[in-house]
Structures are given as C-alpha cells and as structure tokens.
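Trainee: Each protein sequence line maps, in turn, to chains A and B.
With the first letter of the first sequence counted as 1, position 64 gets the number 64 in the UniProt record's numbering; the numbers rise by one all the way through.
With the first letter of the second sequence counted as 1, position 68 gets the number 68 in the UniProt record's numbering; the numbers rise by one all the way through.
Built from N, CA and C at the ideal position, the CB exists for glycine as well.
Note that the structure is a prediction, hence the values are computed from the model and not measured.
Protein chains: 2
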Amino acid sequence: MPIEIERKFLVTGDAWRAAAREVVPMTQGYLNDLAAMDTGAMKASVRVRIQGDEAYLNLKSRELGHTRQEFDYAIPVDDARGLMALSVGGVVDKRRHYVEVGGWLWEVDEFLGENAGLVVAEIELDSADEAFDPPAWIGAEVTHLKRYYNLALATRPYAAWTDPERAATDAG
Amino acid sequence: MPIEIERKFLVTGDAWRAAAREVVPMTQGYLNDLAAMDTGAMKASVRVRIQGDEAYLNLKSRELGHTRQEFDYAIPVDDARGLMALSVGGVVDKRRHYVEVGGWLWEVDEFLGENAGLVVAEIELDSADEAFDPPAWIGAEVTHLKRYYNLALATRPYAAWTDPERAATDAG
C-alpha cells in the first residue's frame, strides 16, 4: 500500500523561481469537503485534477499530519471535467513549480484565483524524521495546519483568511 | 459523459436461477454514506468493488431515481483492498447473476451476510420510458426507494429493516 510522507512550508521571496525547472498548471476539485473528514464521515478525500492534457483521480486517507495512504489513477480529461462538476466547494487553481535544490525536489505551489497570494513548498520524504537541507527561501512549517490543505482551500480559500490565520505556523 | 438508466425490481421465487448464464461474486464498500448524498454534502457516491480477480473504483452522481452520471475505473485488487479499509459502513457482499430473457439482460443481485434474504433485479435501459417485457419472476418496482441503494445497504443492511419497509414498493 503506497504511503506518502510530505512536509509543507511557507515560501519567502521569489529566489526559488530561478531554480524552477518545470511548471505545470493544475486545476482540481474535491468530491467531499474537509468537514466530512473532520467528523469521520469519510476516511479518505477524493480529488479530481486536470493538468495540461492529463487528468487524475486521487484518494488519500485522512490521517492528520504528514503520513497518509494515497491512491492515484490516470483518467480521461473528459471524465475529469464531468467529475469536477460534481465537486463540492470551489475549484482550486495553481501553478506547480518543480524546484531541485541540492538533490532535493521541492514542489512550489503558487495558487491563483481565490487563493492568489498563497505560495507553499512541499517536500516528499521516505520517513517523517528524515533530515534535509532547506534552501533560504523556505519559511515556517505549516504541515499540520489544516487550512493549508488543498481540500480546505476549496471551501475556504486564502482570500477569506484573517491576518492571524495567515501569520500562524506549526510553531504557533 | 456516460449516462446510466436503471430500473430495479423485487424478485419473486427462484425460476430466474435456471436462466442465469453467469454468476459473479462481488464485495463492495463506499467511501461515503447515504447521508452525505441526502444532505448535498456530496454530489457523487464513491464505491470500491472487488469481483474475482478484478477491482473497480466507481463514482455516481446523486440524482435520485434512475438517471445518473457514472464513471468506472479498473484498479489493482491490492489498491481496492486498501480503499475498502477506508470505506464507511459495512462491506456489501452479493452474488450477481446475469439472466437473459427475451433479448433483455437482467442483473439479479442475491445479497449475502447482513443483507441475506434480499434479491433484486436490475435492467439497464436507453431511456427512462423505454418499454420492456418483464419475466414472470419480476415483482414490484423499487427504483425510487433509497434503502435499496447498495450505498444505503452498507450502513443499514436488510437485516435491520422493519416488515413494513420490506413490504413497501415504489407503488406505496
């Protein structure tokens, strides 16, 4: 069973842009909302994503933090459009930049639309305590803040956040 | 976008068994419950099914009655087992018999476990008002009774139904 370990950080400044080797526009929606996961009504989120001429259906278990089960399937783009129309909340639009620094691959998500202004970087690790070298543009960790989940951004976008919500991090 | 039109009927007696040309054991679970559909928290159900050495992930829109959008994807059986563990409610076990009568293909679902005693027959049509010839063992229609949805059986199995619930049909 595939296990995914990810940590998520705020991004400071624009220095990362020079190191980006690829950018992929992504549009995604969810068939459920965060509340369904929080109450235990659902044990997995269901996401549909269109990126360029590819589309994917993704299911992730709801364990909090950085360790989750994940299942991902390529589906026809037409199906994805049909499924997107069945999503709850809004569609999340972003540009994902792949940035390699010192042998580590960072995914820098620059959000658009209702989530414009939000930029986060994720790194995938083999274990929760694996050491890595964060580049200078990596800010505070927000792995455990649910409002940063893409699932949460679909129903409560960055535009709706308060200043304290924008300022808080995993450290407090 | 694939559209599926199905009508569902109770089955009386065992005469259909002689005409069954194939039987497929199916085990299925749902990542959401009926309540999520009823409240509009979700616009589609998400089902995982294992049948023999094949497995499928299925998404259906929540329009009531017999007209629905449906998406179905083959997935690895190991994935299906992992996803089944993330389902809500119980697992629905049944034997699906394919019965052809007068050019019409009927799917007769004989439920097991907590749903033992329930046998229903479904027919897939090109339009909601398409005429067809029901064989003698087809009983009253239950297309519009939600408790017969497999999704509903996962959380409230046939064993839990009252006698009036077992007796009622679309006609009343």
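Just confirm the distance between the C-beta atoms of B:Pro24 and B:Arg96, as a whole number of angstroms; I'd bet it's less than 8 Å.
Mentor: Per the sequence shown, residue 24 of chain B should be read as Val rather than Pro. 5 Å between Cβ atoms; contact.
Trainee: In three-state DSSP terms, what is B:Lys43?
Mentor: Looking at B:Lys43 - three-state DSSP - the assignment turns out to be coil, as it is neither helix nor strand.
Trainee: Between A:Met1 and A:Ala131, what straight-line distance do the alpha-carbon atoms span, to the nearest angstrom?
Mentor: Note on A:Met1: pLDDT 45, under 50, position unreliable in the model; no value is reported.
Trainee: By the criterion of Cβ-Cβ separation under 7 Å, what are the contact partners of B:Met84 in chain A?
Mentor: Chain A residues near B:Met84: none, gap ~11 Å exceeds 7 Å.
Trainee: So that I know if they touch, is there some Cβ in chain A lying closer than 8 Å to that of B:Met1?
Mentor: For B:Met1, the pLDDT reaches just 45, beneath the cut-off of 50, and the residue's location in the model is therefore unreliable, although a value from the coordinates is still provided. Chain A contact via Cβ: present.
Trainee: Is the shortest distance between the beta-carbon of B:Met42 and the beta-carbons of chain A less than 8 Å?
Mentor: By this cut-off, B:Met42 is an interface position.
Trainee: Do we get a CB-CB distance below 8 Å when we pair A:Asp38 with the residues of chain B?
Mentor: Judged by the 8 Å Cβ criterion, A:Asp38 is not in contact with chain B.
Trainee: Please tell me whether A:Val92 and A:Asn32 are closer than 8 Å, where the distance is taken between their beta carbons.
Mentor: In this structure, A:Asn32 does not lie closer than 8 Å to A:Val92 by Cβ.
Trainee: Measuring only the C-alpha atoms, how far is residue 173 of chain B from A:Asp133?
Mentor: Residue 173 of chain B is absent from the model: chain B starts at 1 and stops at 172.
Trainee: Taking 8 Å as the CB-CB cut-off, is B:Tyr73 touching chain A?
Mentor: True, the Cβ-Cβ gap to chain A drops below 8 Å.
Trainee: For the stretch 54-135 of chain B, which segments carrying the alpha helix (DSSP H) assignment without a break, of at least 4 residues, lie completely within its bounds, in sequence order?
Mentor: Runs found: 77-84.
Trainee: Would you grab the beta carbon distance between A:Val46 and A:Leu59 for me? Rounded to a whole angstrom, and I think it's under 8 Å.
Mentor: Right, the Cβ-Cβ distance comes to about 6 Å (below 8 Å), so this counts as a contact.
Trainee: Please tell me whether A:Val77 has its Cβ less than 8 Å away from any Cβ of chain B.
Mentor: Chain B, which has no Cβ nearer than 8 Å to the Cβ of A:Val77, makes this no.
Trainee: Whole-angstrom Cβ separation of A:Ala168 and A:Leu145, contact assumed at under 8 Å?
Mentor: The pair is a contact, with the Cβ atoms about 7 Å apart (cut-off 8 Å).
Trainee: What residues are listed by DSSP as bridge partners for B:Met26?
Mentor: Beta-bridge pairing links B:Met26 to B:Lys94.
Trainee: Can you tell me the Cβ-Cβ gap for B:Met26 and B:Gln51, rounded? I've got them flagged as a contact below 8 Å.
Mentor: About 5 Å separates the two Cβ atoms, so the contact holds.
Trainee: Roughly how many whole angstroms lie between the Cα atoms of A:Tyr73 and B:Arg49?
Mentor: Near 16 Å, if we compare the C-alpha coordinates of B:Arg49 and A:Tyr73.
Trainee: Please look up how many angstroms separate the CB atoms of B:Phe9 and B:Ala136, rounded, as I've assumed it's under 8 Å.
Mentor: Not quite, the Cβ-Cβ distance comes to about 12 Å (not below 8 Å), so this is no contact.
Trainee: Of all Cβ atoms in chain B, is any one closer than 8 Å to the Cβ of residue 184 of chain A?
Mentor: Here chain A covers residues 1 to 172 and nothing more, so residue 184 of chain A does not appear.
Trainee: Whose C-alpha, out of B:Tyr98, B:Asn115, B:Gly113, B:Glu114, is nearest the C-alpha of B:Glu107?
Mentor: Checked all of B:Tyr98, B:Asn115, B:Gly113, B:Glu114; the closest Cα to B:Glu107 is B:Tyr98.
Trainee: Taking 8 Å as the cut-off, decide whether the C-beta atoms of B:Ile75 and B:Trp104 are in contact.
Mentor: Cβ atoms of B:Ile75 and B:Trp104: not closer than 8 Å.
Trainee: To the nearest angstrom, how far is the alpha carbon of B:Tyr148 from that of B:Thr155?
Mentor: Approximately 11 Å, taken between the alpha carbons.
Trainee: In this structure, does DSSP put B:Ala140 in helix, strand or coil?
Mentor: B:Ala140: strand per DSSP, three-state reduction.
Trainee: List, in order along the chain, the chain A residues whose C-beta lies closer than 9 Å to that of B:Asp46?
Mentor: The amino acid occupying residue 46 of chain B in the given sequence is Val; Asp does not appear at that position. The answer, in chain order, is Leu31, Asn32, Met42, Ala44, Val46, Leu59.
Trainee: Here's a check: name, in chain order, each residue in its chain whose Cβ is nearer than 7 Å to the Cβ of residue 173 of chain B, leaving out the five neighbours to either side.
Mentor: With chain B represented from 1 up to 172, any question about residue 173 of chain B goes unanswered, as that position is not in the structure.
Trainee: Interface residues of chain B around A:Gln69 at Cβ under 8 Å?
Mentor: Correct list: Gly82, Leu86.
Trainee: Can you list, in chain order, the residues of its chain with a C-beta nearer than 8 Å to that of B:Met42? Leave out the 5 residues immediately preceding and following it.
Mentor: Cβ neighbours of B:Met42 beyond the five flanking positions: Asn32, Ala36, Arg62.
Trainee: What's the call for B:Gly29, buried or exposed, on a 16-neighbour Cβ count within 10 Å?
Mentor: Classification of B:Gly29: buried, given that the 10 Å Cβ count is 16 or more.
Trainee: By Cβ distance below 6 Å, which residues in the same chain neighbour B:Asp12 in space, the five residues on each side in sequence not counted?
Mentor: It should be noted that the sequence gives Thr, not Asp, for residue 12 of chain B. Once the five neighbours on either side are set aside, the close Cβ partners of B:Thr12 are Trp137, Gly139.
Trainee: In chain order, what residues of the same chain lie with their CB nearer than 7 Å to the CB of B:Leu86, ignoring the 5 residues before and after it?
Mentor: The residues are Leu31.
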